[in-house]
Ligand SMILES: *Cc1c(COP(=O)(O)O)cnc(C)c1O
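In my numbering, the protein residues as written are 216 to 633.
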């Protein structure tokens, strides 16, 4: 067989490509990195990518091996597209560092990250304890899918704290927390729950999507695994979906093994957008926090508002836990209006100019969502009398946002007939 003739341009390209020094980022090794420097410099290797500041999105399945020795070398990090690319590895490194974890796996969205964490901890016959305030799709995953594999779920009062000791049985292998709950905003006492389960073979998983690791680091508080809907604050622009699972030393091997077995990875383009989102996460979080607190305080001063549920407000029942475990707050909180018919709620939300209704959050745009936890909860009743609304505060002018809500509250009051 005649060897194929390789064009001169291709040879030049190959020669140049090989000469690019594969310099590793120095920033984690040589000195401790502060969060905002990590967000700016983490996961980048310009010298390995023609000098480009940003890591490119590798769209690829096949990775070719130079020779048999490299095919046989299973320590090579990138061997096939499903196991990630330099870009996804860089994003994983950023999240690992932020969470103080041993490793991170990316997932296509938050729900698949949650499923990965649960499946890594649980075997047939095991039980998972879940906070009653949990994100509804997490509850569906446990009740509808995990039960098919012989895993049972029990729900507990989000404020149970050390009292969780009374629920632990020989089959309990995981505790799932979401602090705060992303609709009703109860905080969970992670250190107390961690002490109560210590010495047992139980993995504590925390959904940390609201706070992000910039405001709360669950592993340092005694959790084992942290999951994120990266779709929200990491991506930050409502234009991509992502999930992350980070774990401590004990749980990391099982997470990695389960992710590989299930074939869980994020897409190249979503990983690119999430990495770009990470560069501004610090400034965005500060601005979301300031705006959400401003709007929450303003709502508290409105006569028709019966309750504002924001963990950083002095009126919140879990403020002491917030002050102890969090260094900042998020974009999202809820408030309650007097009980009214569906038509009154429609008068309020259907005519808002700036707050659109939508399930997600974390983007630049403000959102509102009416919700009713009474139908969802099973362990503890929802005791607020009224209609609840969740808001995500975006980057519109604050006076415009307040004017939009003020007009809506006035419509609510009028159609309520008070
Ligand atoms: C949105 C959300 C999820 C799910 O994330 P997706 O990326 O939409 O799958 C999980 N947990 C919380 C708290 C969320 O808000």
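Even for Gly, the Cβ is constructed at its ideal location relative to N, Cα and C.
- Taking all protein chains in view, the Cβ of residue 328 is crowded by 16 or more other Cβ atoms within 10 Å, so the residue is classified as buried.
- Within the stretch 449–484, the complete alpha helix (DSSP H) segments of 4 residues or longer fall at 467–477, listed in chain order.
- When rounded, the separation of the alpha-carbon atoms in residue 589 and residue 531 is 20 Å.
- Secondary structure note for residue 284: its alpha helix (DSSP H) is the uninterrupted segment 283–287.
- Look at residue 539 here: in three-state DSSP terms it is helix.
- The shortest CA-to-CA distance from residue 250 to any of 311, 275, 271 is the one to 311.
- Taking each of 287, 290, 270, 336 in turn and checking the Cα distance to residue 302, the smallest one comes out for 270.
- For the pair of segments examined, the stretch 448–463 was found to touch the stretch 490–498: the number of CB pairs separated by less than 8 Å reaches three.
- In summary, residue 466 is buried, with 16 or more beta-carbon neighbours lying within 10 Å of its beta-carbon over all protein chains present.
- Comparing C-alpha distances from residue 415 to each of 400, 586, 389 shows the shortest one belongs to 389.
- DSSP, reduced to helix, strand and coil, places residue 609 outside both helices and strands of the structure shown, so it counts as coil.
- Three or more Cβ pairs drawn from the stretch 431–447 and the stretch 455–474 lie within less than 8 Å of each other, which places the two stretches in contact.
- Taking 4 residues as the shortest admissible run, the stretch 402–445 contains the following complete alpha helix (DSSP H) segments, listed from N- to C-terminal end: 405–412, 427–430.
- Partner residues in the beta bridge of residue 342, as assigned by DSSP, are 367, 387.
- Taking a cut-off of 8 Å on C-beta distances, the stretch 414–430 touches the stretch 328–342, as three or more cross pairs fall below it.
- Annotated three-state conformation of residue 592 is coil, per DSSP.
- As a beta-bridge residue in DSSP terms, residue 549 pairs with 524, 605.
- Residue pairing from DSSP places residue 392 in a beta bridge opposite 421.
- With fewer than 16 other beta carbons inside 10 angstroms of its own, residue 574 counts as exposed.
- Excluding five sequence positions before and after residue 474, the CB atoms of its chain that fall closer than 7 Å to its own CB belong to 320, 331, given in chain order.
- DSSP places residue 257 in no alpha helix (DSSP H); its state is neither H nor E.
- DSSP places residue 353 inside the alpha helix (DSSP H), whose first and last residues are 351–355.
- Linking residue 586 to residue 521 through their CA atoms gives a straight-line distance of about 15 Å.
- Ligand 1 never approaches residue 359 closely enough for any of its heavy atoms to be under 7 Å from the residue's Cβ.
- Restricting attention to 445, 566, 267, the CA atom closest to the CA of residue 481 is found in 445.
- Listed in chain order, the non-local C-beta contacts of residue 517 below 7 Å within the same chain comprise 624, local neighbours out to five positions each way being set aside.
- For residue 322, the enclosing beta strand (DSSP E) starts and ends at 318–322.
- Proximity of the stretch 601–620 to the stretch 563–571 meets the contact definition, three or more beta-carbon pairs being nearer than 8 Å.
- Two segments are said to touch when three or more pairs of C-beta atoms, one from each, lie closer than 8 Å; by this definition the stretch 394–402 touches the stretch 546–557.
- Residue 385 is classed as exposed because its beta carbon has fewer than 16 other beta carbons within 10 Å across all chains shown.
- Listed in chain order, the non-local C-beta contacts of residue 314 below 7 Å within the same chain comprise 428, 432, 434, 441, 461, local neighbours out to five positions each way being set aside.
- For residue 351, the CB contacts under 7 Å within the same chain, skipping 5 residues up- and downstream, are 591 in chain order.
- Contact holds between the stretch 335–349 and the stretch 366–376, because three or more Cβ pairs, one in each stretch, are under 8 Å apart.
- Residue 299 and residue 293 have their alpha carbons spaced roughly 7 Å apart.
- DSSP places residue 567 outside both helix and strand once states are collapsed to three, so it counts as coil.
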